[in-house]
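A.B. asks: Same order as they appear, the protein sequences are chains A and B.
Taking our numbering, the leading residue of the first sequence gets 2, the next gets one more, and so forth.
Taking our numbering, the leading residue of the second sequence gets 2, the next gets one more, and so forth.
Glycine included, C-beta positions come from ideal geometry on N, C-alpha and C.
Protein chains: 2
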Amino acid sequence: MSSEPLGVVLVGCGTVGGGVAKILLEHADRLARRAGRPVVLRRVVVRDPSRARPVAIPAGLLTTDLTAAITDPAAHVVAELIGGTSVAKKVVLDALAAGKHVVTANKALLAEAGTEIFEAARKVERVVCFEAAVAGGVPIIRALGESLAANQVTAIQGILNGTSNFILTGMAEKGLTYRAALAEAQRLGYAEADPTLDVDGSDAAHKLAVLAQIAFGVAARPHQIERQGIDTLDPMDIRFASELGYTIKLLAEAWTSESTQADRSTSRPVGNGSSPSRSEDVASSELKTVALHVAPVLLRHTDLLAQVRGAYNAIVVHGDLVGETLYQGPGAGMMPTASSVAADLIDLAVGRAQRTFAVARLWAKECKGFTVEPTERVRSRFYLRLLVADRPGVLADVTRILADEQISISSVVQHEAGEGGDQPVPLVIVTHYAQTGRFRAALGKINRLAVVAVPAVFYSVGD
Amino acid sequence: MSSEPLGVVLVGCGTVGGGVAKILLEHADRLARRAGRPVVLRRVVVRDPSRARPVAIPAGLLTTDLTAAITDPAAHVVAELIGGTSVAKKVVLDALAAGKHVVTANKALLAEAGTEIFEAARKVERVVCFEAAVAGGVPIIRALGESLAANQVTAIQGILNGTSNFILTGMAEKGLTYRAALAEAQRLGYAEADPTLDVDGSDAAHKLAVLAQIAFGVAARPHQIERQGIDTLDPMDIRFASELGYTIKLLAEAWTSESTQADRSTSRPVGNGSSPSRSEDVASSELKTVALHVAPVLLRHTDLLAQVRGAYNAIVVHGDLVGETLYQGPGAGMMPTASSVAADLIDLAVGRAQRTFAVARLWAKECKGFTVEPTERVRSRFYLRLLVADRPGVLADVTRILADEQISISSVVQHEAGEGGDQPVPLVIVTHYAQTGRFRAALGKINRLAVVAVPAVFYSVGD
């Protein structure tokens, strides 16, 4: 192993970049011990050196000259920490072209351009590391790629956006509206001024695309992942769900079908806080398709993910050998994310990352992974909430439509009308397992009923 | 990288060995893909080839000849899966002497003889891998050693014994006595006929010793780790704790002191299911001592570990950069444990394990790690339950003794006496933070009070 120092160039010195600089500057001894060689900050490339930074960068390290920094012969790794997909992509490709390894926390970039970036890296025999790109300080990339390497992953369910989970926790525990919970999150620094990418499911979809590449070899582009955010969530549905024993969480989910036969569909895995199965024989069936989506999902209060509060991230991975394992921690923030970037730098210094990269062949064109299954074919239980006229025959009409689509009902709760006698009445129906396509067909018909006041609201039920 | 097959010898073919054999035999294609080269089962060494096995081993692979198996030039790794510390130690040392890497699931062996085994491995430049030794299918060894490598771990709190957690869950949720819950665990295969090592805290202490070596470089021998099991737990205390908002869990815990100054002691970390801290500046103080123990602990119902049910294992790790991360999954069982052994085999085939081993210098004599702090000096809150005569002045006597030791009281609940008027009455006191030594001194005096019917019961309170 080389004992030459590993030279690092940081591109970007905002929250995450500042955190990484802090670790490299303040914990040099510790890093050298853990990496078996010094890990040295060579340059910090920024657009405006005069701007205030979260950490004091020694004179001479700050520069605006990207090209000089990444062609420095004593630099071995370029950490791209500026975010976005245009400049960041150029930085990454230029760094690889200059023969440097790349570490990035940029899920959007990987989701959009993973194939191009990884091909470029393989061409020059350099490595791209990205532990910080998904779930901040939670080491889910290593878990999927290394710790569970003997398994075929059969499902992933993740709370991958801390902002959304913080808002949902506020709505559930304090009875806040979405607006009020968002305002609180913004005040406390858990949500950006423009929270769109966090709350509409886009950020979680980018992260899911990255996880799906590792677990299933599928190169799903973000626009291929159906998503529904939390920005339209009505407190009434959080309340009704809770009365039925469920917590609503924004989940990024992937499930494989157990078979490609036409009569079998992908079903949501059943699992919650009971003991792991002792069934020790897992059928090694052919797994070929995977369904991916981001959406609010009703989880039993006792489900492991239902209990994840605030800005935490958490991921449950189902492996065919190990069963269900859970990884939880801070999904964002300066030092948690920087901790993951630093772990990648240590892996590069030790030489582990190079071994992993060569074998994993991520985003490789020749690797035939799973294909993405249309959401229509996924089987799930559904929560359906209507606002209907308080009139005889409404329930009969609605349940007839569901029956016509072969959807059977698990429970029905008709809530009391408000003060005024002619206000619409909330009607909540939870179905048994049904194919999403059939459920949506029924929904279309229900929404055309004259007694249905506003379009029906529906969410998947996670058991 | 070599594309030569990695040859594997299994020693032991019980539950875990059988699971590993199953993976190697039934998932050869998958392993070859993930490892970049074939991983081939060369021999399965057993004492009695005629005994029934959990998996059919092809003729010719089963052997009783250990020496021939581990000197096979086409064998590169010996997986020791027999357990125990005498024969297993000889197998491991012989394998290393024969120039083979070793994979083991044997926490007792590592805890007892880690220094000797790792020195032997370094001498012959071979590797010892042991992901399966702690928490079965939960990848806590990689998490501590690689994913969190940039952090100084400041505390570990783990549910490391699934049998105990299964029994505690039965006691808490079904109101069972220890005996009845144990019988159920035995009936369902979650407890051995002789459950001593699981329920008395020994197994968890072995695992804690292994984790403490990785996180703190401390070579704590198992007998140095204070332990209290669940076998003496009274259902009454589970009930009283629950009424106060706590769940009792058998925890293996390690905390560092933040300073070596005489006026500072090691305090239990405060942490539970609220949002991760946004505080982004972690003081890099000198961490020199670590306290270790295994004991039933009262955790708030909302604490992450309080919610771990059944035979699961879970570990919360506090890192100075990342904050709190949680790892949870099946802590035992054939395929979960075999999944971790197989991950080690893949790491050896890829070449990662060799890099990690060279840098980590585990159980190395020249590495000065933390020193073990006597439990007496650890500060904690305490739950104290007495059975006292229902007589005036009792509470005054008890609280005076606590006050004399500078222990202040957080809450007191005196429970109703039973039917007979002269039965002793349960008196429950929860203290604020106090030094364990002072608390124990008070306890001695309390037990000598004439009104105290049986020795006081006490547990740490985890917040």
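1) From threonine 105 (chain A) to alanine 133 (chain A), what does the alpha carbon distance come to, in whole angstroms?
2) Bridge partners of glutamate 325 (chain A), per DSSP?
3) Please report whether the beta-carbon of proline 393 (chain B) lies at a distance below 9 Å from any beta-carbon of chain A.
4) Based on Cα-Cα distance, which residue from B:Gly176, B:Tyr460, B:Glu377 and B:Gly13 lies nearest to isoleucine 83 (chain B)?
5) Using the three-state DSSP reduction, which class does glycine 8 (chain B) fall into: helix, strand or coil?
6) So which residues of chain B does arginine 188 (chain A) contact, with C-beta pairs closer than 8 Å?
7) When the cut-off is 9 Å and only beta carbons count, does threonine 357 (chain A) lie next to chain B?
8) Reducing DSSP to helix, strand and coil, say where glycine 438 (chain A) ends up.
9) Using a C-beta cutoff of 9 Å, does histidine 28 (chain A) count as contacting chain B?
10) Is proline 331 (chain A) helix, strand or coil when you go by DSSP?
11) Taking leucine 149 (chain B) and valine 317 (chain B) to be in contact with their CB atoms under 8 Å, please state how far apart those CB atoms are, rounded to whole angstroms.
12) How would you write the range of the beta strand (DSSP E) that lysine 250 (chain B) sits in, first residue to last?
13) For glutamine 468 (chain B), return the contacting residues in chain A, with the cut-off set at a CB-CB distance below 8 Å.
14) When DSSP builds the beta bridges, which residues end up paired with valine 373 (chain A)?
15) What residues match up with serine 430 (chain A) in a beta bridge as DSSP calls it?
16) If you run the structure through DSSP and keep just helix, strand and coil, what is threonine 303 (chain A)?
17) Per the contact definition of three or more C-beta pairs closer than 8 Å, is the segment 398 to 417 of chain A in contact with the segment 426 to 446 of chain A?
18) In the DSSP output, which residue or residues are listed as bridge partners for phenylalanine 131 (chain A)?
19) With 9 Å as the threshold, decide whether the Cβ of methionine 545 (chain B) is near any Cβ in chain A.
20) Evaluate serine 412 (chain A) with the Cβ neighbour count: other Cβ atoms within 10 Å of its Cβ, from every protein chain shown; 16 or more gives buried, anything less gives exposed.
21) Going by DSSP in three states, proline 337 (chain B) sits in which element: helix, strand or coil?
22) Spatial neighbours of valine 40 (chain B) within its chain, please: CB distance less than 6 Å, with the 5 preceding and 5 following residues excluded, ordered by chain position.
23) Between which two residues does the beta strand (DSSP E) holding tyrosine 460 (chain B) run?
24) Closest Cβ-Cβ distance between glutamate 367 (chain B) and chain A: below 9 Å?
25) Beta-carbon separation of alanine 210 (chain A) and alanine 112 (chain A) under 9 Å?
26) Using a Cβ-Cβ cutoff of 7 Å, what residues of the segment 316 to 328 of chain B are near chain A? List them in chain order.
27) Three or more C-beta pairs under 8 Å: does that hold for the segment 225 to 235 of chain B against the segment 190 to 202 of chain B?
28) Could you tell me whether the Cβ atoms of proline 74 (chain B) and glycine 15 (chain B) are closer together than 9 Å?
29) Note the first and the last residue of the continuous beta strand (DSSP E) segment covering threonine 105 (chain A).
30) Quick one: grab the DSSP three-state call for glutamine 308 (chain B).
31) Spell out a yes or no on whether the segment 324 to 340 of chain B and the segment 158 to 172 of chain B are touching, meaning 3 or more CB-CB pairs, one atom from each, closer than 8 Å.
32) With a threshold of 16 other CB atoms inside 10 Å of the CB of asparagine 107 (chain B), please say whether the residue is buried or exposed.
33) Determine the contact status of valine 455 (chain B) and phenylalanine 383 (chain B), defining contact as a CB-CB distance below 9 Å.
34) What does the alpha-carbon distance come out to for the pair leucine 169 (chain B) and valine 295 (chain B)?
35) Kindly indicate if chain A contains any beta-carbon less than 9 Å away from that of proline 6 (chain B).
C.D. replies: Taking the definition as stated:
1) 7 Å
2) A:His319
3) no
4) When each option's Cα is compared against that of isoleucine 83 (chain B), the closest is B:Gly13.
5) strand
6) Proximity of chain B to arginine 188 (chain A) at the Cβ level (cut-off 8 Å) is not reached, the minimal Cβ distance being about 12 Å.
7) yes
8) In this structure, glycine 438 (chain A) counts as helix in the three-state DSSP scheme.
9) yes
10) strand
11) 12 Å between Cβ atoms; not a contact.
12) 247 to 257 is the extent of the beta strand (DSSP E) around lysine 250 (chain B).
13) Any answer about residue 468 (chain B) is impossible in this case: the structure gives chain B only from 2 up to 464.
14) A:Val291
15) Checking the displayed sequence, the identity of residue 430 (chain A) turns out to be isoleucine instead of serine. DSSP, once it has assigned bridges, lists A:Leu385 and A:Val413 as partnering isoleucine 430 (chain A).
16) Collapsing the DSSP output to three states places threonine 303 (chain A) in coil.
17) Yes: the two stretches touch, three or more of their Cβ pairs being nearer than 8 Å.
18) In the DSSP secondary-structure assignment, phenylalanine 131 (chain A) is not bridged to any residue.
19) Residue coverage of chain B in this structure runs from 2 to 464, which leaves residue 545 (chain B) outside it and unanswerable.
20) exposed
21) helix
22) Leu7, Leu32, Leu346 and Ala350
23) 458 to 462
24) no
25) yes
26) Gly320, Leu322, Val323, Gly324, Glu325, Thr326, Leu327 and Tyr328
27) Using a Cβ-Cβ distance cut-off of 8 Å, the segment 225 to 235 of chain B and the segment 190 to 202 of chain B are in contact, since at least three pairs of beta carbons, one from each stretch, lie closer than that value.
28) Not closer than 9 Å, so no.
29) 102 to 105
30) helix
31) yes
32) With 16 or more neighbouring CB atoms inside 10 Å of its own CB, asparagine 107 (chain B) falls in the buried class.
33) no
34) Taking the straight line from one Cα to the other gives about 15 Å.
35) Chain A contact via Cβ: absent.
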